[in-house]
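Following: one structure in structure tokens, then a few remarks.
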Amino acid sequence: MTSVVEPRTGARALRLLRSSAGIAIAMAVMNIGTYAFQMAAARLLGPVQYGAIASLMALLMVLSVVQLGLQATAARRIVADPEDVAAIEESILATTRRAAWGLGVLALVCSPLVWKLLDLTSVFPAILLALSVVPTTVMGGQAGVLQGERRWLPLSLMYLAVGIPRVVLGAGFLWIRHTEASGMLGVLIASCLPVVIGTLALRGHRPDPPANQHDLEVRRDARNEAIGSSMSLLAFTALANIDVIVARNVLPHHDAGLYAGGLIVTKAVLFLPQFAVVILFPSMSDDTQSRQAILRGLGFLGALGAVCVAGAWLLKGVAVQFIGGSEYSGVTDKLWLFAIIGGLLSLLQLLVYGGLAKRGRTTKYIVAVSVAALIGFGLLADSVIGLALTVAAIDAATVVVLMALHLLQRPTPAPAD
45 MTSVVEPRTG
55 ARALRLLRSS
65 AGIAIAMAVM
75 NIGTYAFQMA
85 AARLLGPVQY
95 GAIASLMALL
105 MVLSVVQLGL
115 QATAARRIVA
125 DPEDVAAIEE
135 SILATTRRAA
145 WGLGVLALVC
155 SPLVWKLLDL
165 TSVFPAILLA
175 LSVVPTTVMG
185 GQAGVLQGER
195 RWLPLSLMYL
205 AVGIPRVVLG
215 AGFLWIRHTE
225 ASGMLGVLIA
235 SCLPVVIGTL
245 ALRGHRPDPP
255 ANQHDLEVRR
265 DARNEAIGSS
275 MSLLAFTALA
285 NIDVIVARNV
295 LPHHDAGLYA
305 GGLIVTKAVL
315 FLPQFAVVIL
325 FPSMSDDTQS
335 RQAILRGLGF
345 LGALGAVCVA
355 GAWLLKGVAV
365 QFIGGSEYSG
375 VTDKLWLFAI
385 IGGLLSLLQL
395 LVYGGLAKRG
405 RTTKYIVAVS
415 VAALIGFGLL
425 ADSVIGLALT
435 VAAIDAATVV
445 VLMALHLLQR
455 PTPAPAD
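Using this note's numbering, the letters of the sequence shown map in sequence onto residues 45 to 461.
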């Protein structure tokens, strides 16, 4: 009986991973694994040391924006210009390699600054962070090509390889030795596994050198779009993560750790509905469907965010166990506010991707101004609640401005090629 059931179960699992539903499940597993690692770190390290790990992970998220920009550009361009797939893929993969090594070297050079800025126990965690940037960036270009080609099985496996190894290796290393360096070593090793899957899936993807001027123009345009997308996502990622670094600098380390613990709820609310952005992105790229797609997304994310805020308020005792236990009791009554921040960021993420879908340039400037405001006003905060209220107010204002930008402009027909 076992020999019959197991192959059928495996075949069903493979069929699921080959579908768009499989992508949603794989992304959910990736996000659960990512934040399960942070929950484990919060419990194993306590507020003071966990604040350092949370700051390092936030900085890694900021440095990973090139990965997201490459993925978004590759997927959009391959779908929109199927006749130029070879040139687009060559450009994306070549740009990915250069960007990965460039960012890695830059992060390595800046590791002493990170050590001092985050007040780490040694420079070694900052070095491990710099090394992690390389495979993380490489994954972006690989995932974008697979997404554009609709090769859902290897893409799903890449997402699974992000989440599961991170929590297993990261938490395992932390269990062996309770230090920031141990956690970041687990993150580094885990970040290499998706790249191995992507490399195997893309074997043979070495398009011929450009044969004509058109190919050169396509590749140049793809590179420029990747840079523009990365800048927009850099602004959003900075806005979503810079507050924990501000907390590390303006609050006592114990309070900064409490703030970082509250942000576990924020990130859970932010990434829980991330699949909605993936599903709605093609519709947002169409002028005739863009407004309706954004409205549907805002309605769904707003309703889900409200449920999460209510849950964080009504089940705050359970929620504090979720983020790390009794050591984080000082933030229990404030978890609803961190859930609000997560809900606002999920709306903001949808609006930022709406700007990417239309290749708009205004979004990144608006979000960049919000980042500057968060840093400026955040440095004036002197308590966990004060910093959280500042972040919530700035995020809410940014959402309102971007909603007006997207929903009040008149739709225009797509230009003919």
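Note that the Cβ used here is the ideal one computed from N, Cα and C, for glycine as well.
Which of the three DSSP states is assigned to residue i in this structure?
i    : result
L89  : helix
H222 : coil
T30  : Outside the shown range of the chain, which is 45 to 461, sits residue 30, and nothing can be said about it.
K408 : helix
V211 : helix
L423 : coil
D299 : helix
D439 : helix
R195 : coil
P457 : Its pLDDT being 47, under 50, P457 is placed unreliably in this model, and the coordinates cannot settle the point.
V167 : coil
L162 : coil
T117 : helix
R247 : coil
T181 : helix
G430 : helix
Q333 : coil
G216 : helix
K402 : coil
C5   : Nothing about residue 5 can be read from this structure; the chain reaches only from 45 to 461.
P238 : helix
L316 : coil
L359 : coil
G369 : coil
S200 : helix
S274 : helix
S108 : coil
Label residue i either buried or exposed according to how many other C-beta atoms from any shown protein chain fall within 10 Å of its C-beta, with 16 as the threshold for buried.
i    : result
W464 : What is shown of the chain runs 45 to 461, which leaves residue 464 out entirely.
N285 : buried
G216 : exposed
Q93  : buried
A448 : exposed
D287 : buried
T165 : exposed
R121 : buried
T406 : exposed
H450 : buried
I220 : exposed
V444 : exposed
E134 : buried
L345 : buried
K408 : buried
R292 : buried
G361 : exposed
D299 : buried
S373 : exposed
V182 : buried
G77  : buried
E224 : buried
S370 : exposed
S226 : buried
V290 : buried
T442 : buried
R247 : exposed
Are the CB atoms of residue i and residue j nearer to each other than 8 Å?
i    : j    : result
F81  : G214 : yes
L400 : L446 : no
L218 : A84  : yes
L418 : V435 : yes
S273 : T139 : no
G341 : L283 : no
F315 : A68  : no
K378 : A432 : yes
G207 : M74  : yes
L157 : S99  : no
L244 : V428 : no
L107 : V177 : yes
I367 : V294 : no
A383 : A347 : no
Tell me, to the nearest whole angstrom, how far the beta carbon of residue i is from that of residue j; I am working on the premise that it is less than 8 Å.
i    : j    : result
V110 : L152 : Their Cβ separation, rounded to whole angstroms, is 16 Å, which puts V110 and L152 out of contact at 8 Å.
H222 : G95  : H222 to G95, Cβ: 14 Å. No contact.
L199 : L190 : 4 Å
G113 : L381 : Going by Cβ atoms, the distance from G113 to L381 rounds to 31 Å, so no, they are not a contact pair.
G230 : Q186 : That pair is no contact at about 22 Å.
P91  : G305 : 7 Å
F280 : V411 : 6 Å
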